[in-house]
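To start, the structure under review is shown below, and the notes come after it.
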Amino acid sequence: MNDPATDHEDPVPIHTLTATDLFAGAGGSSAGLEQAGYRVLAAANHWPTAVKTHAANHPKTQHHLANLSETDFRAFPSTDLLWASPSCVWHARAGGRRKPPVEQERLKADAGAIDRATAFAVIAAAEVHRYPAVVVENVREFTDWSLFPWWLDGMQHLGYQVQQTVIDAATIGEAQSRRRWFGVFTQGDSVDLTPPSIAPRHADRILDPDLGKPVTRRLYVTPQIEQITEKDIPHLVMYRRNARPRRADQHPLATVTAGGNHHGIATFTAAGPRFRMLTPRERARAQGFPDAYRFHGSQSDVVKQIGNAVPVRVSRFLGERVAASLGALPASSPR
């Protein structure tokens, strides 16, 4: 079960580098960068609730409530690293969305095209500040975007060397399987993106001891609960079609999302099955947030902020590797 007192006890390195966090959300990326030894000088997002959460946890950071597609980046400080997580909502192929042609996409005539075009804020900021390094995070479908080659060419025209990779948060020490695309852009040496060799961190590390209430009626997840035969061992069940129960002490959570809670915990006990949904705090732990991290807004706002966040250990890993390429820190594995 969760032991928050020991999950983040590693010493934080001396802050020798600076960073800007665009589309910062609740601050998972900023939290990881701070653990990697950066001072996050500026953070920006368009959602007031997320900015309020970020400010509560990163009070020394300069905060900007802004539409980053219409921002003058001369108002931002120059930093060693730019981290950016442009909107991913309209890149995913959910609901049968089709890939629009380049000519249509360039017109920005619909909500999807406008949302996807937020990625061009990265080029605008980099053109002003010429950051030594830029890290961009998004869903894997980002590279299928009609304007992706054009966007990538824009970064290269600014003199950046491009590295692309897909990282599963579970391979970096999070108790969650979450695969995301990362673009790493540097003006000097390439960044070592070799995955670390670390022991997996299973879901039981982030769970509270509460087994939930007795199951007294049939639930959507009842077919999964009925497959559990091992007593007193919490299992992960999902509000998804064709899902199967998985031991929490042997598997990470499936991806934590912004659109609701699909994760449940079921346990077969001598008194019968028990079940509950994951709490927002457990979902936050799966993203690497320490229990002291404060979230503002309604419960649905909190769930959205958590689901949209960059896993803390992933941003720490990339921050450390970028720092090593800039000659500031030795490359190290996530804790």
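Under my numbering, the letters of the sequence shown match residues -9 to 325, in that order.
Just so it is clear, CB atoms sit at the ideal spot from N, CA and C, and this is done for glycine as well.
This structure is a prediction, so every number in the text was calculated from the model and none was measured.
Residue of the options minimising C-alpha distance to residue i
| i | options | result |
| --- | --- | --- |
| Val300 | Ala65, Thr51, Pro76, Pro204 | Pro76 |
| Arg230 | Thr219, Pro91, Thr247, Pro224 | Thr247 |
| Ile215 | Val227, Asp100, Pro67 | Val227 |
| Ile196 | Leu55, Ser187, Thr269, Thr259 | Thr269 |
| Asp62 | Pro235, Glu117, Ile296 | Glu117 |
| Phe175 | Pro190, Val292, Ala159, Gly144 | Gly144 |
| Gln146 | Asp158, Ala103, Val112 | Val112 |
| Pro224 | Ala233, Arg237, Ala114, Arg106 | Arg237 |
| Asn232 | Pro213, Ser187, Phe132 | Pro213 |
| Gln154 | Arg130, Thr43, Ala65 | Arg130 |
| Lys98 | Cys78, Leu137, Ala244 | Leu137 |
| Asp182 | Phe132, Asp198, Gly317 | Gly317 |
Residue i, buried or exposed, once every other Cβ within 10 Å from all chains shown has been counted against 16
| i | result |
| --- | --- |
| Pro324 | Residue placement at Pro324 cannot be trusted, given a pLDDT of 43 that sits under 50; what the coordinates show is reported in the next sentence. So Pro324 counts as buried. |
| Gln350 | The chain is shown from -9 up to 325; residue 350 falls before or after that span and cannot be answered. |
| Lys294 | buried |
| Asp339 | This structure leaves residue 339 out entirely; the chain is present only between -9 and 325. |
| Ala(-5) | Any reading at Ala(-5) must be qualified, since the residue scores a pLDDT of 37, below 50, and its modelled position is unreliable; no value is offered. |
| Pro235 | buried |
| Gly163 | buried |
| Gly249 | exposed |
| Glu220 | exposed |
| Val41 | buried |
| Arg64 | exposed |
| Glu(-1) | With a pLDDT of only 46 at Glu(-1), under the threshold of 50, the placement of this residue in the model should not be trusted; the figure read from the coordinates follows. When all chains shown are included, Glu(-1) counts as exposed. |
| Ala107 | buried |
Rounded C-alpha distance that separates residue i from residue j
| i | j | result |
| --- | --- | --- |
| Arg120 | Leu148 | 8 Å |
| Ala276 | Ser167 | 9 Å |
| Gly15 | Ala34 | 8 Å |
| Val211 | Pro139 | 43 Å |
| Glu127 | Leu308 | 11 Å |
| Thr257 | Ala56 | 45 Å |
| Asn251 | Pro67 | 37 Å |
| Ala21 | Arg306 | 8 Å |
| Ala160 | Ile188 | 10 Å |
| Gly202 | Thr259 | 11 Å |
| Asp105 | Gln94 | 14 Å |
| Asp281 | Thr184 | 29 Å |
| Ala32 | Leu58 | 13 Å |
| His286 | Gly18 | 14 Å |
| Asp134 | Asp291 | 29 Å |
| Ala103 | Arg273 | 30 Å |
| Trp141 | Arg284 | 35 Å |
| His54 | Ile218 | 49 Å |
Test: residue i CB closer than 8 Å to a CB of chain C
| i | result |
| --- | --- |
| Ser75 | Judged by its chain identifiers, the structure shown contains no chain C, having just a single protein chain. |
>> Three Cβ pairs or more, each shorter than 8 Å: is that satisfied between the stretch 259 to 272 and the stretch 5 to 19?
In response: no
> Are at least three pairs of beta-carbons, each pair with one atom in the stretch 24 to 39 and one in the stretch 307 to 314, less than 8 Å apart?
Replying inline: yes
>> Any contact between the stretch 61 to 76 and the stretch 43 to 51? By contact I mean 3 or more CB pairs, one from each, below 8 Å.
In response: no
> Counting only runs that start and end within the stretch 46 to 131, where is the beta strand (DSSP E) found for 3 or more residues in a row?
Replying inline: 52 to 55, 71 to 74, 123 to 128
> Between the stretch 158 to 173 and the stretch 198 to 210, are three or more C-beta pairs nearer than 8 Å?
Replying inline: no
> Which full runs of the beta strand (DSSP E) of 3+ residues lie inside the stretch 197 to 249, going along the chain?
Replying inline: 225 to 228
>> Going residue by residue through the stretch 273 to 302, where are the continuous alpha helix (DSSP H) segments of at least 4 residues, counting only ones entirely within it?
In response: 289 to 298
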